[in-house]
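Protein chains: 2
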Amino acid sequence: MKRPTIADIARRAGVSKGAVSYALNGQPGVSEATRKRILAIAQEIGFNANSAARALSGARARAVGLTLCRPARILGIEPWFMGLISGFEAELGAQSYALTLQVVASPEQEVEVYRRWWGERRIDGVIVTDLRENDVRIPVLQQLQLPAVVIGGSGEAGAVTQIWSDDGGAITEAVRYLVALGHFRIARVSGVPDLLHTQVRTKAFNQVCASLGLTDAVTVPADYTGEEGSRATRRLLIGGDRPTAIIYDNDVMAVAGLAVAQEMGLSVPGDLSIVAWDDSPLCSLVHPPLTALSRDVSGYGAQAARELLNAIDGRRVGNVQAQTAHLTPRGSTAPPRP
Amino acid sequence: MKRPTIADIARRAGVSKGAVSYALNGQPGVSEATRKRILAIAQEIGFNANSAARALSGARARAVGLTLCRPARILGIEPWFMGLISGFEAELGAQSYALTLQVVASPEQEVEVYRRWWGERRIDGVIVTDLRENDVRIPVLQQLQLPAVVIGGSGEAGAVTQIWSDDGGAITEAVRYLVALGHFRIARVSGVPDLLHTQVRTKAFNQVCASLGLTDAVTVPADYTGEEGSRATRRLLIGGDRPTAIIYDNDVMAVAGLAVAQEMGLSVPGDLSIVAWDDSPLCSLVHPPLTALSRDVSGYGAQAARELLNAIDGRRVGNVQAQTAHLTPRGSTAPPRP
DNA sequence: CCCCGTGACTTAACCGGTCAAGTACACTCC
DNA sequence: GGAGTGTACTTGACCGGTTAAGTCACGGGG
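Residue numbers (UniProt numbering), protein chains in the order written: chain A, 1 to 338; chain B, 1 to 338.
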């Protein structure tokens with residue numbers, strides 16, 4: 001089926017291509033009557049502007065890019081990204097921007113993809129997640145002057161727009177809550193230590209534990225996968241002075257930890273309290289349902305997309321703080337057994 | 001930063017734009033020496049062909065589209081889609097095709113998105129999931145002559161390329177296995193009944209149960225969410241003659257079912273055996289780990305992407321059967337207690 | 001009556017590739 | 001020596017939009 005172009009509309013309306021372009025874009029230069037006639041014809045023949053032609057003549061590509069840098073096996077089960085993506089979509093769809101996705105294996109590959117996308121004029125901007133210390137992607141974004149918004153990390157991305165939430169505050173709340181319940185041997189299973197938000201959380205965790213006099217607070221690094229979550233949990237629980245509460249950096253590891261505890265015959269929350277991060281439906285799915293640090297992930301995504309569209313339109317906003325995760329107590333936390 | 005074009009390369013190499021185009025695309029018409037020189041310059045200045053210009057002059061957009069038609073809250077936790085997506089990517093990335101994503105609310109919206117994408121020449125083809133009976137999308141795909149591959153559903157999509165797996169065979173295997181263990185009150189919690197693969201499974205389930213003389217085999221429809229999975233499970237377990245085994249249409253509902261059983265004080269697998277569909281890491285994460293109908297979801301996705309690229313290149317292949325899901329026994333199934 | 005301003009268009013260049021058709025030159029062969 | 005055949009390019013049209021610049025008719029003011 002031959003797809004209609006503005007030339008087709010022009011012919012049928014008996015005007016020039018230019019007039020059609022003005023009419024469709026709401027620009028002055030055509031009378032109201034002609035505009036209506038042209039719009040009616042466009043509607044009738046199901047016209048959609050060729051995005052390539054539009055992009056070619058200097059306009060936007062009307063697409064933004066997202067790279068995901070986690071192994072496929074983690075992506076599938078990690079609710080975080082899908083939550084983010086559906087948030088992006090809510091915002092982008094409304095402005096009829098498309099979202100282009102690419103799964104990569106390393107930050108270096110991400111840089112390659114950014115360069116390629118930008119060179120191909122395929123996208124107008126990118127959303128950057130999983131910020132690291134001295135992230136290789138930031139200088140490239142600046143060099144390319146590629147509009148971007150960085151999720152997580154406040155101030156670490158130089159001049160690039162950033163959106164972040166106060167993870168330190170959230171973890172502090174979680175620790176205080178556990179201490180209030182009577183716990184004093186609290187451990188933590190963290191995500192990938194290279195990631196900036198992991199470091200923020202670790203620092204805050206150490207700080208609040210120190211300030212509350214919890215001397216044996218320990219963080220075991222893991223990688224967000226269930227397997228590593230199980231391994232870390234096992235390591236913590238077979239020790240002599242085993243913790244009475246564990247905080248996990250995501251819900252997948254928390255669920256895995258719960259399974260390990262059950263497998264070892266420990267009761268949750270009787271023998272072990274569990275706090276998860278990122279309250280996906282997964283947390284309420286298991287038994288007992290997990291106490292979690294909740295936040296509106298898809299709202300976070302929507303906000304990020306909004307900021308990116310701002311950045312693309314040249315309205316720069318330096319640094320946006322999103323809602324802080326708040327504690328949602330459920331059945332997996334209780335005072336420790338005496 | 002000004003992005004380099006073939007004109008820039010042409011100037012530096014002292015040849016015409018046309019020669020550069022031939023050189024970059026591996027076409028005859030330039031000498032080997034010139035080609036090398038041009039490629040070196042392209043490499044040096046970091047050239048990437050403008051995809052809009054390329055698409056405009058009749059070539060491919062080098063992008064394929066995927067619409068996801070499930071509520072955001074399900075998408076996040078449903079490992080199936082992310083598995084598929086990472087499979088697509090593995091294949092598309094290798095051919096440097098981009099994947100464009102759109103989350104929609106209804107099949108009608110999906111149709112709209114297809115029309116828009118096609119009109120905008122934004123994509124070369126689409127991947128269609130969640131086939132329904134008399135699916136409204138199929139005639140539109142044919143009308144637009146939009147290359148497509150339909151996942152799930154063999155024969156129901158007319159002339160469109162399809163890829164499917166033998167879900168009936170898989171569920172038959174699961175029922176036979178449970179019967180061999182000694183179960184005869186087997187229930188099933190299904191996915192959305194409108195979806196074609198749900199119907200295939202239901203039919204096969206009823207058939208094998210009838211042939212094995214299981215008279216009270218019942219299917220409770222749900223919608224793939226944890227909440228519905230819990231509700232359906234509760235409904236099944238509070239009845240008088242409660243089943244000793246339940247088969248779930250996805251792993252999220254199976255995990256929810258496990259939690260309900262534990263909450264009701266039933267032991268799994270002692271009092272209740274559980275079989276999940278789509279063996280994501282989630283199944284091995286919980287305690288006990290779930291027996292599942294496994295398949296290589298991301299391999300399935302890769303195969304679908306391959307078929308789509310074939311269809312785009314005009315190499316039509318009618319109907320491809322993917323690997324049948326096979327039973328992976330784990331801790332959630334055992335003979336029923338006498 | 002003429003000039004000027006304005007609204008409603010048309011014209012044509014341009015974006016950055018692709019590709020059919022044309023050209024220039026070397027080389028072979030009768 | 002001239003026709004014929006390649007090879008290695010160049011030229012220029014074209015894809016489908018956008019947009020600056022140009023045209024033309026009409027109306028009002030001096």
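Heads up, the beta-carbon is just placed ideally off N, CA and C, and yes, glycines get one too.
Query raised in the report: Rounded to a whole number of angstroms, what is the C-alpha to C-alpha distance between B/R11 and B/A42?
Result: 12 Å
Query raised in the report: For the region 90-105 of chain B, which residues have a CB atom closer than 7 Å to at least one CB atom of chain A, in sequence order?
Result: G93, A98, L99, T100, L101, Q102 and V103
Query raised in the report: Taking Cβ-Cβ distances shorter than 9 Å, what residues in chain A pair up with B/L56?
Result: N50, A52, A53, A55 and L56, listed in chain order.
Requested in this report: Show which residues of chain B have a CB atom less than 9 Å away from the CB atom of A/A311.
Outcome: The contacting residues do not exist; A/A311 stays about 16 Å from chain B at best.
Report task. Indicate whether at least one CB of chain B lies closer than 7 Å to the CB of A/A72. Result -> yes
Report task. Determine the chain B residues that contact A/V286 at a beta-carbon separation under 7 Å, and present them in chain order. Result -> V255, A259 and V286
Requested in this report: Sort A/T324, A/G29 and A/Q199 by Cα distance to A/D130 and report the nearest one.
Outcome: Among A/T324, A/G29 and A/Q199, the Cα nearest to that of A/D130 is on A/Q199.
Query raised in the report: According to DSSP, is B/I186 helix, strand or coil?
Result: strand
Requested in this report: Note down, in chain order, all residues in the region 291-312 of chain B with a beta-carbon under 9 Å from any beta-carbon belonging to chain A.
Outcome: Result list: V297 and S298.
Requested in this report: Between the Cα of B/G191 and those of B/G229, B/R176, B/K17 and B/Q162, spot the shortest distance and give me the residue it belongs to.
Outcome: B/G229
Query - Bounding residues of the beta strand (DSSP E) (the contiguous stretch that carries B/S294) - result: T291 to S294
Report task. In the DSSP assignment, find the alpha helix (DSSP H) that holds B/T161 and state where it starts and stops. Result -> B/T161 -> not in any alpha helix (DSSP H); beta strand (DSSP E) instead, spanning T161 to W164.
Query - B/P107: contacting residues in chain A (beta-carbon distance under 8 Å) - result: The premise fails here: B/P107 is roughly 16 Å from chain A at the closest Cβ pair, so nothing lies under 8 Å.
Requested in this report: Anything in chain A within Cβ reach of B/E263, meaning under 7 Å, just list it in chain order.
Outcome: Residues of chain A passing the Cβ test: H287.
Query raised in the report: Just how far apart, CA to CA, sit B/R306 and B/I163?
Result: About 11 Å.
Query raised in the report: Can you find a C-beta in chain B that's less than 7 Å from the C-beta of A/L237?
Result: False, the Cβ-Cβ gap to chain B never drops below 7 Å.
Query raised in the report: How far does the alpha helix (DSSP H) with residue 345 of chain B in it reach, from first residue to last?
Result: Nothing about residue 345 of chain B can be reported from this structure: the residues present for chain B run from 1 to 338 only.
Requested in this report: Keeping to the same chain, check which residues put their C-beta closer than 7 Å to that of A/T324; ignore five residues upstream and five downstream.
Outcome: If we look at A/T324 and ignore the five residues flanking it on each side, its Cβ neighbours are S165, D166, G169 and A170.
Query raised in the report: Can a CB atom of chain A be found closer than 7 Å to the CB of B/A75?
Result: It is worth fixing the name first, because residue 75 of chain B is Leu in this sequence and not Ala. Closer than 7 Å to some Cβ of chain A, the Cβ of B/L75 qualifies, so yes.
**Report entry** Chain-ordered chain B contacts of A/F47 [CB-CB under 8 Å]
**Finding:** G119
**Report entry** is_contact[A/S280, chain B] using C-beta, thresh 7 Å
**Finding:** yes
**Report entry** Per DSSP, the bridge partner or partners of B/P221
**Finding:** B/S190
Query raised in the report: Interface residues of chain B around A/R122 at Cβ under 7 Å?
Result: Contacts between A/R122 and chain B, judged by CB atoms closer than 7 Å, involve S51 and A98 in chain order.
Requested in this report: Identify whether B/S298 lies in helix, strand or coil by the three-state DSSP scheme.
Outcome: helix
Query raised in the report: Okay, do the region 276-296 of chain A and the region 320-336 of chain A touch, 3+ Cβ pairs below 8 Å being the bar?
Result: yes
Requested in this report: Report, in whole angstroms, the separation of the C-beta atoms of B/L214 and B/F184, which I expect to be a contact under 8 Å.
Outcome: 6 Å
Report task. Might you give, ordered along the chain, the residues of its own chain that have their beta carbon closer than 7 Å to the beta carbon of residue 364 of chain B, omitting 5 neighbours on each side? Result -> The requested residue 364 of chain B is not part of the displayed model; chain B covers only 1 to 338.
Query raised in the report: Using a C-beta to C-beta distance shorter than 8 Å, which residues of chain A count as neighbours of B/G270?
Result: Those within 8 Å of B/G270 in chain A number zero; the least Cβ separation is about 14 Å.
Report task. For A/Q102, count neighbouring C-beta atoms within 10 Å of its own C-beta (all shown protein chains included) and say buried if the count is 16 or more, exposed if not. Result -> buried
**Report entry** Of the listed residues B/I274, B/Y248 and B/V111, nearest to B/T202 (C-alpha basis)
**Finding:** Considering only alpha carbons, the answer is B/Y248.
Report task. May I have the straight-line CA-CA distance separating A/T244 from A/T333, to the nearest angstrom? Result -> 10 Å
Requested in this report: Measure from the C-beta of A/R330 to each C-beta in chain B and report whether the shortest distance is under 7 Å.
Outcome: no
Report task. Using a Cβ cut-off of 7 Å (strictly closer), state whether B/S86 contacts chain A. Result -> yes
Report task. Count the other C-beta atoms from every protein chain shown that fall within 10 angstroms of the C-beta of B/V136, then say buried if there are 16 or more, exposed otherwise. Result -> With fewer than 16 other CB atoms across the displayed protein chains lying within 10 angstroms of its CB, B/V136 is exposed.
**Report entry** Span separating the alpha-carbon of A/G257 from that of B/A49
**Finding:** Going by C-alpha positions, A/G257 is about 49 Å away from B/A49.
Query - Interface partners of B/R316 on chain A, CB under 8 Å - result: Within chain A, no residue comes near B/R316; the closest Cβ sits about 17 Å away, beyond 8 Å.
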